[in-house]
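Written out below as structure tokens is the structure these notes cover.
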Amino acid sequence: MEKRFDPVKTEKELYGFWESQGYFTPEIEKNKESYCIVMPPPNANGSLHVGHAYFVTLQDIMARWQRMKGKSVLWLPGADHASIATQVTFERELAKKGKTRFDLGRESFYRACFEFTQKNKQKMYLQLKQLGASCDWSREKFTLDEDVTKIGYETFYQLNKDNLVYRDWRSVSWCPRCSTALSDLEVNYKEEDSKLWYISYPLKGSEENIIVATTRPETMLGDTAVAVNPKDKRYKNMIGKTVILPLMNREIPIVADEMVDKEFGTGAVKITPAHDPDDFAVGQRHNLEVISVIGFDAKMTFEAGKDFEGLTTIDARNKIIEMLKSKGYFVKEEKHRHRVGMCERCKTIVEPLVSLQWFIKMNDMAKKASDAVKKGEIKIIPKRFEKTYFNWMDNIRDWCISRQLWWGQRLPIWYCGLKGLSQLQKALNPDLVEKHKNSKGCGEVFIGDKPPGKCPKCGNDVYIQDPDTFDTWFSSGQWPYSTLGYPDSKDYKYFYPTSVMETGYEILFFWVARMIMLGIYRTGKIPFKDVYLHGLIRDAFGQKMSKSKPETAIDPTDTINIYGADALRMSLVFGASAGTDVIATKEKIEGMRNFANKIWNASRFISLILKDAKKFEIDKISNHKDDISVLKRYKSIEVKINSDLEKYRFGQALEILYHFLWDDYCSIYIEQTKDRREEALPALLNVLVNSLKLLHPFAPFVTEAIYQSLRKQADPKGSSELFKDKALMISVWPSA
RNA sequence: GACCGCCUAGCUCAGUUGGUAGAGCGCUUCGUUUACAUCGAAGAGGUCAGGGGUUCAAGUCCCUUGGCGGUCACCA
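Residues in the first sequence are numbered from 7 upward in steps of one, following our numbering.
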């Protein structure tokens, strides 16, 4: 054995050995218990960062541990096309070349994205292998694979059959940069110092006026009412009257609505149904007209009038305030802090706009998903997240699933002729409009793989597919059963429901909640029994690690090339606990590299004894008090580690091993045996090998390397109990 | 505003059902013969944020105050 453990030299070889032996591929054996983790598919739009390394480590720990415990373990790897995230990333690449997606056109853009993701996918898979991920590559899936897509579409058809799919006008958050609608979850809010402007709206045929307060004066051009609280005495006699909208000279009513807070501003609110979700709701209750003065490019529209058309919202705001001042409608302004929504992916300020979108009704699904956790069928670890989960489920809103993106799974929705497309869709897809400009048709909607040959209503034979794509979480939300080949495959029948979903707490709603809802809906069963949520990886300053700060960022591949995968893995798990963030530093990685080397050297010492030993039986441990004692101490940590692993306390288990091996085994026991080496050899070997087994899930490479080397030297034929297995990875887990 | 979490050694954090305060890194002193300097030996360093309560016993359970962070929410 070399004086130092050289991870770079050994790791690749060992991974190849495991893989070639087929250790990662489980057998489906009826009398063997199954254990399955479906890997959260990383977005195929870049390479893996330490956050990924963390989840890989945690899942690999579970997979290797359960495999050694004798279960038939499937850890299924995959990658996500990540619709919006990838489109944004790829468009940034294009922008560097001075191009937009429109320069490529939809088809070549899609093709280019596809190639981009395939390339990234290969890179990521290589990184997963470097990390030692014991996943079954023969079952690898991509969210756009034909079989996966098919299962996803079928779910949509079933939802449609169950009347859970509908298309409706709604105020949705619109990202002008991505030019797509977003779901509520895809909008992040930021507090901003702004102002509250007070504007006077004159009452028709009267000297009186009503003063409204607004944070967005530019939307006043689209006002179609003023609302007051019905209980507000100040305005009681104004309800039902008409005001003249300044600058536009439009007559709009004063309506009463409970939504208005008497205490805020003047207690009178301007209502712009087109550009505010609350106002839209008021508009629906009072049958108000929707006038869109801000377009999908975040500029003022024709409806805003010729003074403003084409201006950005900011320019329009300034101009409006000027004009209000000069015409005497401006009352005052106050400092005000309020929240603006930003696109989760590209950070552009979103615009609430009314548009026609597809939705899925969520109430029933949410109820069942909530119950599954309440009844304990699904356990969330750590438990405190259950409350967060219930909170969200109890206030669920319908899910806007249509995105005006090019990269993604196209909606399997067809319209008879151009008439079915919304104004928005026509504006965003001029090619499509041009191609079908002479089409007839009644706009009839068909949902399915292929439209009927002729429209049953009007007889027209040209159906046009909806140009929109699915929210990316619609496909990943079905991951546990779509990857396993629902409903007929052997895999599905054997491995579903899966054992544990290990993922980050930040996607509890985005993903975990959706998987539970869709899983129960489609399969009638929960998709997984346990949910283990890990925290974020932060840098030495407690900041979220990012590539823009290379001095503290830790790149998994670079780290592995210097310190080895085991060191990186252990550094992420050591001292960590579920749901809490982890700080990754070079020092910690070095510490773990030192630990790996420490065990290596202890083993080298034993290897040297082995070389000189004449007669000894591996399985025959002496009666010497030190030998008896070390076995006892080993046994006690074995019990603790088993109990910690059962409770998902990986950090704790690793700490115990660290101290047992370093302080107890090396510093105390090995020192005790130095003058009776041969006699102590069986005990030295026994405790070491069993400790290596316990450590293997955390540090698969060093432990396997040592095992292979000792076995080769001591018992190459595997005739002893201790070395009977060809590899540590498939040896039997020590448990009392 | 609601909910959740955090405040433990200089730094970063563990601490399972309440039972004598822990780790890593850093720091101090010493150590080059036989596994390992990616090491060894010895050591310093904490009223577990403040206050109150339950208990034979509280970092751990309850109440409360303060600071920090997160998530959710339609206040124009």
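Don't be surprised by glycine CBs; every beta carbon is placed ideally from N, CA and C.
Next on the checklist: Could you tell me the alpha carbon to alpha carbon distance between proline 236 and alanine 262, rounded to whole angstroms?
Outcome noted: For proline 236 and alanine 262, the distance between alpha carbons rounds to 5 Å.
Checklist entry - Could you give the C-beta distance for aspartate 704 and proline 13, rounded to a whole number, given that I count them as a contact under 8 Å? => result Looking at the sequence shown, residue 704 is not aspartate but phenylalanine. The beta-carbon separation of phenylalanine 704 and proline 13, rounded to 14 Å, does not stay under the 8 Å limit for a contact.
Checklist entry - When you compare only the Cα positions, how much space is there between valine 695 and leucine 716? => result 9 Å
Next on the checklist: Considering only their Cβ atoms, is the gap separating phenylalanine 515 from isoleucine 407 smaller than 7 Å?
Outcome noted: no
Checklist entry - Which value, in whole angstroms, describes the spacing of the CA atoms of glutamate 315 and aspartate 564? => result 53 Å
Next on the checklist: Per the DSSP calculation, methionine 348 is bridged to which residue(s)?
Outcome noted: Asn194 and Ile355
Checklist entry - Residue range of the alpha helix (DSSP H) that threonine 278 falls in? => result First-last for threonine 278: undefined, no H or E at that position.
Checklist entry - Is leucine 542 helix, strand or coil by DSSP? => result coil
Checklist entry - Is it buried or exposed for methionine 265, if we count other Cβ within 10 angstroms and need 16 for buried? => result Exposed is the call here.
Checklist entry - Which one or two residues does DSSP pair with tyrosine 421 in a beta bridge? => result Val451 and Ile470
Checklist entry - Mapping DSSP to helix, strand and coil, what is threonine 95? => result helix
Item to check | Close beta carbons around threonine 161, own chain, < 8 Å, minus the five adjacent residues each side | outcome: Gln484, Leu524, Tyr527 and Arg528
Checklist entry - Going by DSSP, which residues form a beta bridge with valine 232? => result Ile260 and Lys276
Next on the checklist: Could you tell me the alpha carbon to alpha carbon distance between methionine 507 and glutamate 198, rounded to whole angstroms?
Outcome noted: 37 Å
Checklist entry - Quick one, are the C-beta atoms of serine 4 and glycine 158 less than 7 Å apart? => result The first residue shown for the chain is 7 and the last is 742, placing residue 4 beyond what the model contains.
Checklist entry - Rounded C-beta distance between alanine 584 and leucine 542? I'm assuming under 8 Å. => result In fact, because the Cβ distance is near 13 Å, the residues do not count as touching under 8 Å.
Checklist entry - From serine 177 to threonine 155, what does the alpha carbon distance come to, in whole angstroms? => result Going by the C-alpha atoms only, they are around 29 Å apart.
Checklist entry - Could you give the residue range of the beta strand (DSSP E) that holds threonine 149? => result Here threonine 149 belongs to no beta strand (DSSP E), and DSSP marks it neither H nor E.
Checklist entry - When the distance is taken between beta carbons, is alanine 139 closer than 7 Å to aspartate 86? => result The Cβ atoms of aspartate 86 and alanine 139 do not sit closer than 7 Å to each other.
Next on the checklist: Using only the alpha-carbon positions, how far apart do isoleucine 355 and valine 193 sit?
Outcome noted: 9 Å
Item to check | Residue nearest to lysine 125 in terms of C-alpha spacing, selected from Lys210, Ser53 and Asp497 | outcome: Ser53
Checklist entry - Roughly how many angstroms lie between the CA atoms of serine 78 and threonine 504, to the nearest whole one? => result Serine 78 and threonine 504: Cα-Cα distance of roughly 12 Å.
Next on the checklist: Could you check if proline 283 belongs to the surroundings of the ligand FMN, using beta carbon to heavy atom distance under 6 Å?
Outcome noted: Annotation note on the ligand FMN: not contained in the displayed structure, which lists no ligands.
Item to check | Per-residue DSSP class, three states only, for serine 40 | outcome: strand
Checklist entry - Residue range of the alpha helix (DSSP H) that cysteine 181 falls in? => result No alpha helix (DSSP H) contains cysteine 181, which is instead part of the beta strand (DSSP E) from 171-181.
Next on the checklist: Could you give the first and the last residue of the continuous alpha helix (DSSP H) run that contains threonine 529?
Outcome noted: 520-529
Item to check | Under the three-state DSSP convention, the category threonine 319 falls into | outcome: The three-state reading of DSSP puts threonine 319 in helix, counting H, G and I together.
Item to check | Residue environment, histidine 281, which counts as buried when at least 16 other CB atoms sit within 10 Å | outcome: buried
Checklist entry - Where does the unbroken beta strand (DSSP E) through glutamate 508 begin, and where does it stop? => result 504-510
Checklist entry - glutamate 339 by DSSP, collapsed to three states: which one? => result strand
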